[in-house]
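Asks:
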Amino acid sequence: MSTSAHPGEQLVDFVDGRLDEGAASTIRGHLAACDACRAIHADLVAAQSAAVRLRVGVAMPADLLASVTRALDAEAAPTRATAPPRDLTSTRDLTRPRARVRWPLWAGATAAAVVLAFVLLGPRDVVLDLPAQAARDLEAVGSRTLPLDAQVSDAAALERYFAASAGPRVRVIDLAMMNIVLEGGVRHTLDGRQSALYSYRTPSGARLVCQMYEGRLADLPPPGDVREQNGFRFQIYTRGAVTLVFWQEGELVCVLASELPADEVIALAVAKAMAPA
Amino acid sequence: MTDERRARFDTEALVHLGAVYGAAYRLTRDADRARDLSQDAMLRAWRAFGTYTPGTNARAWLLRIVYSIFVNDYHRDRRAPATQSIEALEMQHGFEPVSPAAPVPDPWQPEGWTEPAVREALDALPDDFRTAVLLVDVEELSYEEAAVVMDCAVGTVRSRLFRARRLLGASLRALAPAQRRVITKSEAP
């Protein structure tokens, strides 16, 4: 047991790298000799590591931006009403609702940029990890922010579409036997990698999105859970309400994402994973 | 002038609406209240936009507004979930200011934890302590920025983080066997 003073709250500075090398070295020395402080340190590190998992974006209600914009418009309106007319010679009908003429073109462009920023940056202004991006893609398909270029329900036809377009050659998983209907697909980019994305609907209306891209499972962040089955390793992530199951098929990484119960998403992935011919 | 101000607000503040909503949701733990809080925060930010210094951390500035409204209007709402005091939680886990005589738990790793399990453990903490974790570990603010948001001293942020993380770690560790049982059960054919 160390006889030096216990660092107490200074341990949190140590964990967060806020100490200079001298102070950090003193704490490292203390930790090497003090079981109690080492246990506290382990809890602090584990808690921080766990809390970091909550960094994934919370899905913003689809209409919140419009709602806030309207509220801002209303807030700004009195100021504008007292402003002098821009063109006193204008024959514009002053009884016309102001909302239609309030913003010049550049303001529309700004609004578009704001929307684009949400699409590109997601709910947070930080780079999302790949599973979080795949979860966001599921939401984008549902909100039609990410339209499906090829709207076909036949897996073979969609495979031909992907084969004819640039990007990795992929198979399209057929879930028709499970009454899960293919909606269509699109060539997409997932975390900077070309992917083939396709979407399904279940009889209850739930959506599943599958993406395949060239890569390695090992490049993904640490998973929340791992299943080894049928010679495949399934890495499972939860991002918001979305369960994502990743597995490797040859050069391709496949991911199945859905808000369905996790066990159902995992079972589908396990049932449909297929080694390349 | 107003149009220019609005355009600047859109590009510097409104682009953070998603982050504002995320922070509001984590604070309130309720989608409807998070929505109201986000909208209130953006309107107050618009009114106070003259006090924002361009080029500084706009997200931290917005989070300060979110937190201020939360503390003043929402946090005192009786709908807020009740939590035990930090002292009661520490006592529950057998913490002492310095506990060299306490049994040393086995080394453990947080791997395998799901986001809901972490959120549940975090939600059990009193708001001031939960907020310190949210601002520093989730929102990635510095202690100094978190202190401004919470309107407290940097030392208070450190103290809250220490106690909050220690409790969070202990809670997750204590829950570990139960979580493993759940996973095992779901894996059963």
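Protein sequences appear in the order of chains X and Z.
Going by this note's numbering, the first sequence opens with residue 7, and the numbers climb by one from there.
Going by this note's numbering, the second sequence opens with residue 177, and the numbers climb by one from there.
The C-beta atom is built at its ideal place from N, Cα and C for all residues, glycine as well.
1) Beta-carbon within less than 7 Å of residue 298 (chain Z)'s beta-carbon, same chain only, minus the 5 sequence neighbours each way: which residues are those?
2) I want to see whether chain X comes within less than 7 Å of residue 290 (chain Z), judged by CB atoms only; does it?
3) Using a Cβ cut-off of 7 Å, pull out every chain X residue sitting near residue 222 (chain Z), in sequence order please.
4) Quick one: which residues of the segment 311 to 333 of chain Z get their C-beta closer than 8 Å to a C-beta of chain A? List them in chain order.
5) Using a beta-carbon distance below 7 Å, is residue 139 (chain X) in contact with chain Z?
6) What's the C-alpha gap between residue 276 (chain X) and residue 154 (chain X)?
7) Taking the runs of the beta strand (DSSP E) that are 3 residues or longer, which of them lie wholly in the segment 152 to 208 of chain X?
8) Quick check: what's the CA-CA separation for residue 207 (chain Z) versus residue 201 (chain Z)?
9) Pick helix, strand or coil for residue 64 (chain X), following the three-state DSSP scheme.
10) Which chain Z residues sit within Cβ distance under 8 Å of residue 67 (chain X)?
11) Report the three-state DSSP secondary structure of residue 40 (chain X) (helix, strand or coil).
12) Go ahead and label residue 264 (chain Z) buried or exposed: buried means 16 or more other beta carbons lie within 10 angstroms of its beta carbon, across all protein chains shown.
13) Which residues in chain X sit within 7 Å of residue 201 (chain Z), going by Cβ to Cβ distance?
14) For the segment 45 to 56 of chain X, list every residue whose C-beta sits within 7 Å of some C-beta in chain Z, in sequence order.
15) Taking the alpha carbon of residue 342 (chain Z) as the point to measure from, which residue in Z:327, Z:267, Z:245 and Z:326 has its own alpha carbon closest?
16) Considering only their Cβ atoms, is the gap separating residue 215 (chain X) from residue 205 (chain X) smaller than 7 Å?
17) Just tell me which of X:245, X:177 and X:36 has its CA closest to the CA of residue 294 (chain Z).
18) If we count Cβ pairs, one from each stretch, closer than 8 Å, do we get three or more for the segment 48 to 66 of chain X versus the segment 333 to 341 of chain Z?
19) If you draw a straight line from the C-alpha of residue 75 (chain X) to the C-alpha of residue 182 (chain X), how long is it?
20) Following the continuous alpha helix (DSSP H) through residue 20 (chain X), name the residue where it begins and the one where it ends.
21) Quick one, which of X:226, X:257 and X:255 has its alpha-carbon nearest residue 242 (chain X)'s?
22) Count the other CB atoms within 10 Å of the CB of residue 254 (chain X); is the residue buried (16 or more) or exposed (fewer)?
23) At the level of alpha carbons, what is the spacing between residue 148 (chain X) and residue 210 (chain X)?
24) Return no unless some Cβ of chain Z is closer than 7 Å to the Cβ of residue 249 (chain X).
25) Which bits of chain Z does residue 18 (chain X) rub up against, with CB to CB less than 7 Å?
26) Below 8 Å on the Cβ atoms is my contact criterion, and I expect residue 233 (chain X) with residue 272 (chain X) to pass it. Report the Cβ-Cβ distance as a whole number of Å.
27) Would you tell me roughly how many angstroms separate the C-alpha atoms of residue 196 (chain Z) and residue 220 (chain Z), rounded to the nearest one?
28) According to DSSP, is residue 81 (chain X) part of a helix, a strand, or is it coil?
29) Tell me whether residue 336 (chain Z) sits in a helix, a strand or coil according to DSSP, three-state version.
30) Can you give me the Cβ contacts of residue 199 (chain X) inside the same chain, cut-off strictly under 7 Å, excluding the 5 residues immediately before and after it?
31) Please decide whether residue 165 (chain X) counts as near chain Z, where near means a Cβ-Cβ distance under 7 Å.
32) Note the first and the last residue of the continuous beta strand (DSSP E) segment covering residue 243 (chain X).
33) Nearest to residue 238 (chain X) by alpha carbon, out of X:247, X:248, X:249 and X:258?
34) For residue 207 (chain X) versus residue 187 (chain X), is the C-beta spacing smaller than 7 Å?
35) Along chain X, in chain order, which residues have C-beta atoms closer than 8 Å to that of residue 240 (chain Z)?
36) Between the Cα of residue 66 (chain X) and the Cα atoms of X:278, X:79, X:236 and X:142, which residue gives the shortest distance?
Replies: According to the data block:
1) As a first step, residue 298 (chain Z) is located in the second sequence; it is residue number 122 there, counting from the start. Cβ within range, chain order: 306, 309 and 344.
2) Looking up residue 290 (chain Z) in the second sequence gives position 114. Cβ-Cβ to chain X under 7 Å: yes for residue 290 (chain Z).
3) As a first step, residue 222 (chain Z) must be located in the second sequence, where it is residue number 46. Chain X residues near residue 222 (chain Z): 78 and 81.
4) Here chain A cannot be found, since the structure's protein chains are X and Z.
5) Taking the first sequence and counting its residues from 1, the one referred to as residue 139 (chain X) is at position 133. So no, residue 139 (chain X) is outside the interface.
6) Position 270 of the first sequence, counted from the first residue, corresponds to residue 276 (chain X). Position 148 of the first sequence, counted from the first residue, corresponds to residue 154 (chain X). Distance between the alpha carbons of residue 276 (chain X) and residue 154 (chain X) is about 25 Å.
7) 187 to 196 and 199 to 207
8) Here residue 207 (chain Z) is taken as the residue at index 31 of the second sequence, counted from 1. Here residue 201 (chain Z) is taken as the residue at index 25 of the second sequence, counted from 1. Each residue's alpha carbon lies about 6 Å from the other.
9) Looking up residue 64 (chain X) in the first sequence gives position 58. Residue state, collapsed to three classes: coil.
10) Reading the first sequence from its first residue, position 61 is the one you call residue 67 (chain X). 197, 207 and 211, listed in chain order.
11) Walking along the first sequence from the start, residue 40 (chain X) turns up at place 34. Coil.
12) In the second sequence, residue 264 (chain Z) corresponds to position 88, counting from 1. Answer is exposed; the Cβ neighbour count stays below 16.
13) For this step, residue 201 (chain Z) is matched to residue 25 along the second sequence. Within 7 Å Cβ-Cβ: 64.
14) 45, 46, 48, 49, 50, 52, 53, 54, 55 and 56
15) Residue numbering aside, residue 342 (chain Z) sits at position 166 when the second sequence is read from its first letter. Considering only alpha carbons, the answer is Z:267.
16) Numbered from 1 along the first sequence, position 199 holds the residue referred to as residue 205 (chain X). Numbered from 1 along the first sequence, position 209 holds the residue referred to as residue 215 (chain X). Their beta carbons are under 7 Å apart, which means residue 205 (chain X) touches residue 215 (chain X) by this criterion.
17) Within the second sequence, residue 294 (chain Z) is the residue found at index 118, counting from 1. The candidate whose alpha carbon is nearest that of residue 294 (chain Z) is X:245.
18) yes
19) Counting from one through the first sequence, the residue named residue 75 (chain X) turns up at place 69. Counting from one through the first sequence, the residue named residue 182 (chain X) turns up at place 176. Rounded to whole angstroms, residue 75 (chain X) to residue 182 (chain X) spans 43 Å at the Cα level.
20) For the purposes of this step, residue 20 (chain X) is taken as the residue at position 14 of the first sequence. Run containing residue 20 (chain X): 16 to 21, per the alpha helix (DSSP H) assignment.
21) Along the first sequence, one-based indexing puts residue 242 (chain X) at 236. Out of X:226, X:257 and X:255, X:226 has the C-alpha closest to the C-alpha of residue 242 (chain X).
22) Residue mapping note: residue 254 (chain X) aligns to position 248 of the first sequence, counting from 1. By the neighbour-count rule (16 or more Cβ atoms within 10 Å), residue 254 (chain X) is buried.
23) Here residue 148 (chain X) corresponds to residue number 142 of the first sequence, with the count starting at 1. Here residue 210 (chain X) corresponds to residue number 204 of the first sequence, with the count starting at 1. Going from the Cα of residue 148 (chain X) to the Cα of residue 210 (chain X) covers about 14 Å.
24) For the purposes of this step, residue 249 (chain X) is taken as residue 243 along the first sequence, with counting starting at 1. No, residue 249 (chain X) lies away from the interface with chain Z (no Cβ there is under 7 Å from its Cβ).
25) Within the first sequence, residue 18 (chain X) is the residue found at index 12, counting from 1. Result: 334, 337, 338 and 341.
26) By one-based count along the first sequence, residue 233 (chain X) stands at place 227. By one-based count along the first sequence, residue 272 (chain X) stands at place 266. The pair is a contact, with the Cβ atoms about 7 Å apart (cut-off 8 Å).
27) Start at 1 with the first residue of the second sequence, and residue 196 (chain Z) comes out as number 20. Start at 1 with the first residue of the second sequence, and residue 220 (chain Z) comes out as number 44. In a straight line, the C-alpha of residue 196 (chain Z) is about 13 Å away from that of residue 220 (chain Z).
28) Start at 1 with the first residue of the first sequence, and residue 81 (chain X) comes out as number 75. Helix, per DSSP.
29) Walking along the second sequence from the start, residue 336 (chain Z) turns up at place 160. It is helical.
30) Residue numbering aside, residue 199 (chain X) sits at position 193 when the first sequence is read from its first letter. So the qualifying residues of the chain are 219, 220 and 221.
31) On the first sequence, position 159 is the one that residue 165 (chain X) refers to. Output row for residue 165 (chain X): interface = no.
32) Numbered from its first residue, the first sequence carries residue 243 (chain X) at position 237. First-last of the beta strand (DSSP E) with residue 243 (chain X): 238 to 245.
33) Sequence index remark: in the first sequence, residue 238 (chain X) carries index 232 (1-based). Residue X:258 is the option with its Cα nearest to residue 238 (chain X).
34) Sequence index remark: in the first sequence, residue 207 (chain X) carries index 201 (1-based). Sequence index remark: in the first sequence, residue 187 (chain X) carries index 181 (1-based). Taking 7 Å as the Cβ cut-off, residue 207 (chain X) and residue 187 (chain X) qualify as a contacting pair.
35) Walking along the second sequence from the start, residue 240 (chain Z) turns up at place 64. Chain X residues near residue 240 (chain Z): none, gap ~16 Å exceeds 8 Å.
36) For the purposes of this step, residue 66 (chain X) is taken as residue 60 along the first sequence, with counting starting at 1. The shortest Cα separation from residue 66 (chain X) among X:278, X:79, X:236 and X:142 belongs to X:142.
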